[in-house]
Ligand SMILES: [Ca+2]
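In the numbering used here, the protein residues as written are 416 to 771.
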């Protein structure tokens, strides 16, 4: 534990299947080392499993399954166990549960119940948190998992559920909204993601970001969305319609560097109302058409008194629909420097509307 803690490695351990206290070691080290996460088990009804150990060292609960006792033994795969237990790898040779205890668990893959089955859910969430932000400490990871668990049982932390049953979705949102991180691969966002000041969101080259349910990015911190010529970023608003929710909204002192990205299918695609700096280079903007709609807007925010940083909108391809919408809209803003060059703007009501 000490060695792992020295290197910032989280250790996730099952509380034990002793049906009560105390929490077994090594899970019980969670009260001594901040890299240790002690996991209790919930059953198929999202209630603490009766076999789970409990105690002040429990940090979080996770689905551990239940099994049930009939025909004279514990059953995990029978007709009465449907939906109760946790599918997992098992040994690919006959093993003790089968040969000695006679438990009906399959070789190679099978259903079982226990805090050993609960624990990997938390390992997985910890790994996903670190995949978003590998700079987090093990203590950060534990804090995120605790703070985003769904509280169960008596209100607040308790000795059965710890801070609650682990919630992967909330943990990942919390990670980005408190610590920042990097999106990559295929990402679906179904709720607004707000990046606060002093936090940075990176979007990797090749990322395909789908915004559903009018979700969008609101940036008070920093957005780095820099694709490459061969690995462009796609941000698809899926017909996001509201003006108050542009696909990317850079606010206050936030900043954004966006390059080699294809933005599409939203009424307003990028709106910067910030005293920070923005650069938008080699991007495309399509399907924002409609009267008054805008691909790129730089707009003095009434709440931002100090003008704006540098604004560079260069080498972009902006395509309206049936000569409607504004390509680039500059409104009531005085950037420290303004560079609007090299853009190809077609089929808009106005290519560049400037009220600088
Ligand atoms: Ca509780």
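Glycine included, C-beta positions come from ideal geometry on N, C-alpha and C.
Closest residue to residue i among the options (Cα-Cα distance)
i	options	result
residue 458	749, 497, 424	497
residue 472	675, 578, 652, 601	578
residue 726	754, 481, 739, 557	754
residue 645	677, 768, 659, 555	677
residue 682	671, 659, 693	659
residue 602	626, 612, 590	626
residue 479	442, 612, 467, 751	467
residue 576	583, 584, 566	566
residue 463	610, 581, 585	581
residue 668	437, 634, 548, 568	634
residue 731	703, 762, 699	699
residue 531	439, 655, 445, 629	439
residue 474	572, 432, 540, 482	572
residue 623	607, 613, 600	600
residue 429	533, 652, 487, 504	533
residue 692	613, 447, 751, 487	751
Outcome for residue i when other beta-carbon atoms lying within 10 angstroms are tallied against a minimum of 16
i	result
residue 665	buried
residue 521	exposed
residue 684	buried
residue 648	buried
residue 747	exposed
residue 536	buried
residue 715	buried
residue 495	exposed
residue 525	buried
residue 722	exposed
residue 502	exposed
residue 773	One cannot answer for residue 773 here, as it falls past the ends of the chain, which runs 416 to 771.
residue 679	buried
residue 445	buried
residue 605	exposed
Any non-hydrogen atom of ligand 3 closer than 6 Å to residue i Cβ
i	result
residue 631	With respect to ligand 3, the structure offers nothing, as its ligand set consists of ligand 1.
Residue-level contact to chain B via CB, residue i, 7 Å cutoff
i	result
residue 594	Among the protein chains of the structure shown there is no chain B, as only one such chain exists.
Give a yes or no on contact between the segment 708-717 and the segment 738-750, applying the rule of three or more CB pairs nearer than 8 Å. Because the criterion of three Cβ pairs below 8 Å is met, the segment 708-717 and the segment 738-750 touch.
Listed in chain order, which residues are found with a beta carbon closer than 7 Å to a heavy atom of ligand 1? This selection yields 566, 567, 568, 569, 570, 571, 572, 573, 576, 579.
In chain order, each alpha helix (DSSP H) run of at least 4 residues that lies wholly inside the segment 485-524: Scanning the segment 485-524 for uninterrupted alpha helix (DSSP H) segments of 4 residues or longer gives 511-514, listed from N- to C-terminal end.
Taking contact to mean at least 3 C-beta pairs separated by less than 8 Å, is the segment 639-650 in contact with the segment 602-618? Yes, the segment 639-650 is in contact with the segment 602-618.
Counting pairs of beta carbons, one from the segment 503-522 and one from the segment 446-455, are three or more of them closer than 8 Å? Between the segment 503-522 and the segment 446-455, the count of C-beta pairs closer than 8 Å stays below three; the two stretches do not touch.
Taking only runs of the alpha helix (DSSP H) that begin and end inside the segment 417-460, which ones reach a length of at least 4 residues, in chain order? For the segment 417-460, whole alpha helix (DSSP H) runs of length 4 or above, ordered along the chain, are 417-421.
Pairing CB atoms from the segment 535-547 with CB atoms from the segment 590-599, are three or more of them under 8 Å? Touching, yes, given that three or more Cβ pairs across the two stretches are closer than 8 Å.
Ranges of the alpha helix (DSSP H) found wholly within the segment 545-617, counting only runs of at least 4: Segments of the alpha helix (DSSP H) lying fully in the segment 545-617: 553-562, 583-594.
Mind pulling the beta strand (DSSP E) runs of 3 or more residues that sit fully within the segment 672-743? You should have 676-681, 683-689, 693-696, 699-701, 709-714, 723-729, 732-734.
Between the segment 546-566 and the segment 512-527, do three or more beta carbon pairs fall short of 8 Å? The segment 546-566 makes no contact with the segment 512-527; the number of CB pairs closer than 8 Å stays below 3.
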